[in-house]
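Peer 1: The listed protein sequences correspond, in order, to chains A and B.
Going by our numbering, the first residue of the first sequence is number 4, and it counts up by one from there.
Going by our numbering, the first residue of the second sequence is number 15, and it counts up by one from there.
We put the CB at the ideal spot given by N, CA and C, even for glycine.
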Amino acid sequence: MRTARPDGPAPVLDVDALLDDRTTEIIVCCGSGGVGKTTTSAALALRAAERGRSVVVLTIDPARRLAQSMGIEQLDNTPRPVPGVRPGAGGSLDAMMLDMKRTFDEVVEGQASPEKARQILENPFYVALSSSFAGTQEYMAMEKLGQLYRRARQDDTYDLIVVDTPPSRSALDFLDAPERLSSFLDGRFIRLLLAPARGPARLMTAGFSVVTGALTKVLGAQVLRDMQTFVAAFDTLFGGFRQRAEQTFALLQARGTAFVVVAAPEPDALREAAYFVDRLTDDDMPLAGLVVNRASPSARTALSAEEAIAAADRLRSSDPSSVTAGLLQLHADRVRLVEREQHLCGRFAASHPRVPTAVVPAMAGDVHDLDGLRAIGESLARQA
Amino acid sequence: MTAPADRPDDWPNVRLHVVTGKGGTGKSTVAAALALALATAGRNVLLCEVEGRQGIARMFDVDPLPYEERRIAKGAPEADGRSGRVHALHIDAESALLEYLAMYYRLGRAGKALDRFGVVDFATTIAPGVRDVLLTGKVYEAVQRPRGGRSTDGPGGTTTYDAVVLDAPPTGRISQFLGVNSELAGLARVGPVKTQADKVMDLLRSPRTAVHLVTILEEMPVQETSDGIAELRAAGLPVGGVVVNLVRPRALGAGALARVRDGGLDPSAITSDLQRARVDVDAELVASLVAEAREHAVRRRLEDEQRDLVAAEGVPTYELPRLASGIDHGALVELAQLLRRQGMA
Chain A
4 MRTARPDGPA PVLDVDALLD DRTTEIIVCC GSGGVGKTTT SAALALRAAE RGRSVVVLTI
64 DPARRLAQSM GIEQLDNTPR PVPGVRPGAG GSLDAMMLDM KRTFDEVVEG QASPEKARQI
124 LENPFYVALS SSFAGTQEYM AMEKLGQLYR RARQDDTYDL IVVDTPPSRS ALDFLDAPER
184 LSSFLDGRFI RLLLAPARGP ARLMTAGFSV VTGALTKVLG AQVLRDMQTF VAAFDTLFGG
244 FRQRAEQTFA LLQARGTAFV VVAAPEPDAL REAAYFVDRL TDDDMPLAGL VVNRASPSAR
304 TALSAEEAIA AADRLRSSDP SSVTAGLLQL HADRVRLVER EQHLCGRFAA SHPRVPTAVV
364 PAMAGDVHDL DGLRAIGESL ARQA
Chain B
15 MTAPADRPDD WPNVRLHVVT GKGGTGKSTV AAALALALAT AGRNVLLCEV EGRQGIARMF
75 DVDPLPYEER RIAKGAPEAD GRSGRVHALH IDAESALLEY LAMYYRLGRA GKALDRFGVV
135 DFATTIAPGV RDVLLTGKVY EAVQRPRGGR STDGPGGTTT YDAVVLDAPP TGRISQFLGV
195 NSELAGLARV GPVKTQADKV MDLLRSPRTA VHLVTILEEM PVQETSDGIA ELRAAGLPVG
255 GVVVNLVRPR ALGAGALARV RDGGLDPSAI TSDLQRARVD VDAELVASLV AEAREHAVRR
315 RLEDEQRDLV AAEGVPTYEL PRLASGIDHG ALVELAQLLR RQGMA
């Protein structure tokens, strides 16, 4: 996987070696929004399946037509076989789309007694938390990954799970989710909220009454009561939640996991990718490499941008509507764009010289069928 | 789309311009260009970011912004060379919460106790939605603030900023982000939080707010823009315009494009043109240029299909070109002038 390209600045990401390696059990695709994470996840999953792996791909928010062609337009949290996968190599591909609310509900139902579960599911704070607020998607994506993994182990259904990650504000949010959950559960604030339910005397310090006083002033007594009911009902589940969060984090650090960071040749996307690479390295997470999507197609001739512009100007001085001048101008624009992208990628490679990289040229149109995914898979693998 | 100089812009009553867009469409660039465009002579514009990315500082090439309003640039110059001022503010939830507590509740000692008990940390990182409430609350405060004061009561009279531009979260999250105060108002049925949340929602749903969507002419972003418009309307939030960003160069007209696509270009004519332009020409060069133009023409046709879909949304649209050199301050001024010429500001 780390064979260095003799002339290139970065080593090449050997996608087929990664997919064919039976010890690769989980591939996590991450990166900032709009860089083609979902498409990359689906393309990797399809290629792995057609090379003989039993694959499930967990997508977060696929484009409608792509979801349709993969047979997952229903959001029902159940992996379904993708029609049209070539079975020649003995592999298979299932796909599912994450339903975060249902995932959350299932965790609650699985952990609490029916009576308690009902109490929680009806609490207004729980309804808001599980359905509409930011952050929950990250928690639930990781929860679902953990579930899929445990089930695959148990039933011997899949030998590779490919996960797409939510389009977070920061691409790092989902990595922090398990730890945040843990720190939340250990937090003093939770103990504070639980205090009245657990018996008054112990925490009734001066600090405590100041805080409850302030909270009542800010939130109103009714909100505070709702919150306390919610936290008290949730209390029994906390241990289970923490344990699961820690398990998932450990799973992400395990040998069988491979992170693929996805970017586009744009300053913001590459900066986010750089953060991600650094963070993964710091946390000892197994990084497979970087995929740069949507690279502009390279120029077909060596004519420089300056020469092309000068020539276009000469033609336009006699014929303002010259089509040849237009061709030259398009060529100049293309050369400049490619130069800029190469410069940006070169800068990334200079600061991260050991990160294997694959560059995928932009497709003319959007990808919404298996043929399109196959073409991207080929292009990803062609680098090596 | 070209407007005479004295034509009022399309959003004369809008005080808060919210700019959203799918990741990768350049919404931050458009927000910055819009702020520069709105800052005509004598006007003060505030550009806010809420996603902790320090994108404004990078675009304007200044030091990372603190939680404090800073003057960062002059507006894009008008015909007579005069311009207004653009200020910037990087809003982070922690600072907003502490400021909010100090401002509205004069909490003093209790504020510190909240911090000590981990409430600030809880509220800004874990408690769902609170972050967005704080961020929108601060934007509200900046929009309402009277000139020379920090009270938030009452419109009427002059305010510190003539316009506020918010570089907002992406399209997929925008209705949730802006609607968070109505969720909160639903949870807290009485009390000061409800009053505050209701006030913020009043501003966001009023004609003084416009939510602009940035897209590029590709299928997914256009689809998401259309979904975003429907969601905003359903949530009672005022839809502004659509800014079509990163449009490919128009080096070839419609007729030439059609000929390129149909293979109707005459290589010998191109050859003689290139010779006339003193280019060292051979058959391969001509073939390469024609092939590049054909790829361009295919993409232009896809762009046109998407442009029709954007037009079908029936909201004002503005177009900005893809600049091969990337975005710096000079490029932002150029884009700002283009937005002004099209009547967005």
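Find the nearest neighbour of I29 of chain A within the set A:H334, A:V341, A:S301 and A:A291, judged by alpha-carbon distance.
Peer 2: A:A291
Peer 1: From the DSSP output, in three-state form, read off E118 of chain A for me.
Peer 2: helix
Peer 1: Is it buried or exposed, E146 of chain A, if we count other Cβ atoms within 10 angstroms and call 16 or more buried?
Peer 2: buried
Peer 1: Does R205 of chain A come out as helix, strand or coil in the three-state DSSP assignment?
Peer 2: Per-residue confidence for R205 of chain A stands at a pLDDT of 49, beneath the threshold of 50, marking its modelled position as unreliable; the derived number appears in the next sentence. In the three-state reduction of the DSSP assignment, R205 of chain A falls in the helix class.
Peer 1: If contact means a Cβ-Cβ distance below 7 Å, which residues of the region 245-271 of chain B contact chain A?
Peer 2: If the cut-off is 7 Å between Cβ atoms, the region 245-271 of chain B has P263, A265, L266 and A270 near chain A.
Peer 1: By the DSSP assignment, the alpha helix (DSSP H) with R282 of chain A in it spans what residues?
Peer 2: P270 to D285
Peer 1: What is the residue span of the alpha helix (DSSP H) that S95 of chain A lies within?
Peer 2: Here S95 of chain A belongs to no alpha helix (DSSP H); instead the beta strand (DSSP E) covers S95 to M100.
Peer 1: Can you grab the Cα-Cα spacing for the pair V343 of chain A / T172 of chain B, in whole Å?
Peer 2: The amino acid occupying residue 343 of chain A in the given sequence is Arg; Val does not appear at that position. Their Cα atoms are separated by approximately 45 Å.
Peer 1: Measure the C-alpha to C-alpha separation of R314 of chain B and L254 of chain A and round it to an integer number of angstroms.
Peer 2: 46 Å
Peer 1: Determine, for L299 of chain B, whether the minimum Cβ-Cβ distance to residues of chain C falls below 7 Å.
Peer 2: As a matter of chain content, chain C is missing from the structure shown, whose protein chains are A and B.
Peer 1: Under 7 Å, Cβ to Cβ, is there at least one residue of chain B near G368 of chain A?
Peer 2: yes
Peer 1: Quick check on K36 of chain B - is its C-beta less than 7 Å from some C-beta in chain A?
Peer 2: yes
Peer 1: By how many angstroms is the C-alpha of A314 of chain A removed from the C-alpha of A305 of chain A?
Peer 2: 15 Å
Peer 1: Restricting to Cα atoms, I'd like to know which of B:A224, B:R57 and B:V324 is closest to R96 of chain B.
Peer 2: Put simply, of B:A224, B:R57 and B:V324 the residue whose alpha carbon is nearest the alpha carbon of R96 of chain B is B:R57.
Peer 1: Taking only the alpha-carbon atoms, compute the straight-line gap between A272 of chain A and M73 of chain B and give it to the nearest angstrom.
Peer 2: A straight-line Cα-Cα distance of about 15 Å links A272 of chain A and M73 of chain B.
Peer 1: Below 8 Å, how does it come out for the region 340-348 of chain B and the region 262-279 of chain B: are there three or more Cβ pairs, yes or no?
Peer 2: no
Peer 1: Please compile the residues from chain B whose C-beta is within a distance smaller than 9 Å of the C-beta of G36 of chain A.
Peer 2: Below the 9 Å Cβ cutoff, chain B contributes K36, G37, G38, P184 and G186 as neighbours of G36 of chain A, in chain order.
Peer 1: Determine the chain A residues that contact Q237 of chain B at a beta-carbon separation under 8 Å, and present them in chain order.
Peer 2: Chain A residues near Q237 of chain B: A66 and R67.
Peer 1: Quick one: what's got a C-beta closer than 7 Å to T166 of chain B's C-beta in the same chain, skipping five residues either side?
Peer 2: Caution applies to T166 of chain B, whose pLDDT of 45 falls short of 50 and renders its modelled position unreliable; the value that the coordinates give is listed next. Around T166 of chain B: E155, Q158 and R159.
Peer 1: Taking DSSP as the reference, what is the three-state secondary structure of T27 of chain A?
Peer 2: coil
Peer 1: Output yes or no for whether 7 Å exceeds the beta carbon distance between V38 of chain A and A266 of chain A.
Peer 2: yes
Peer 1: Between P366 of chain B and the rest of its own chain, which residues show a CB-CB distance below 6 Å, the 5 nearest in sequence each way excluded?
Peer 2: Outside the displayed span of chain B (15 to 359) sits residue 366 of chain B, for which this structure offers no information.
Peer 1: Determine the contact status of H104 of chain B and E83 of chain B, defining contact as a CB-CB distance below 7 Å.
Peer 2: At a Cβ-Cβ threshold of 7 Å, H104 of chain B and E83 of chain B do not count as neighbours.
Peer 1: Going by beta carbon distance, what residues of the same chain come within less than 7 Å of T232 of chain A, once the five residues before and after it are set aside?
Peer 2: N126
Peer 1: On the DSSP letters alone, give me the boundaries of the alpha helix (DSSP H) that G69 of chain B sits inside.
Peer 2: Counting along the chain, the alpha helix (DSSP H) containing G69 of chain B begins and ends at G69 to F74.
Peer 1: Which chain A residues sit within Cβ distance under 7 Å of A338 of chain B?
Peer 2: D336, R339, L340 and R343
Peer 1: On a CA-only basis, which of B:L251, B:S339, B:K41 and B:Y332 is nearest L352 of chain B? Give me that one, please.
Peer 2: B:Y332
Peer 1: Pick out the complete beta strand (DSSP E) segments inside the region 196-251 of chain B, 3 residues or longer, and give them in chain order.
Peer 2: 223-229
Peer 1: Find the residues of chain A that neighbour S302 of chain B, judging by a C-beta separation of less than 7 Å, and give them in chain order.
Peer 2: Neighbours of S302 of chain B in chain A, taken as residues at a C-beta separation under 7 Å, are given in chain order as R303 and T304.
Peer 1: Tell me which residues share the same chain as L148 of chain A and place their Cβ nearer than 6 Å to its Cβ, disregarding the 5 neighbours each side in the sequence.
Peer 2: Hits under 6 Å: V166.
Peer 1: If you run the structure through DSSP and keep just helix, strand and coil, what is L323 of chain B?
Peer 2: helix
Peer 1: So which residues of chain B does T327 of chain A contact, with C-beta pairs closer than 7 Å?
Peer 2: Within chain B, the residues near T327 of chain A are I284, D287 and L288.
Peer 1: With 16 as the cutoff for other CB atoms within 10 Å, does G202 of chain A come out buried or exposed?
Peer 2: For G202 of chain A, the predicted structure reports a pLDDT of 49, less than 50, and the residue's modelled location is therefore unreliable. The matter cannot be settled from this model.
Peer 1: Please classify G250 of chain B: is it buried, with 16 or more other beta-carbons within 10 angstroms of its beta-carbon, or exposed?
Peer 2: exposed
Peer 1: Please check if any C-beta of chain B sits within less than 7 Å of the C-beta of R317 of chain A.
Peer 2: yes
Peer 1: Under 7 Å between C-beta atoms, does A305 of chain B make it to chain A?
Peer 2: yes
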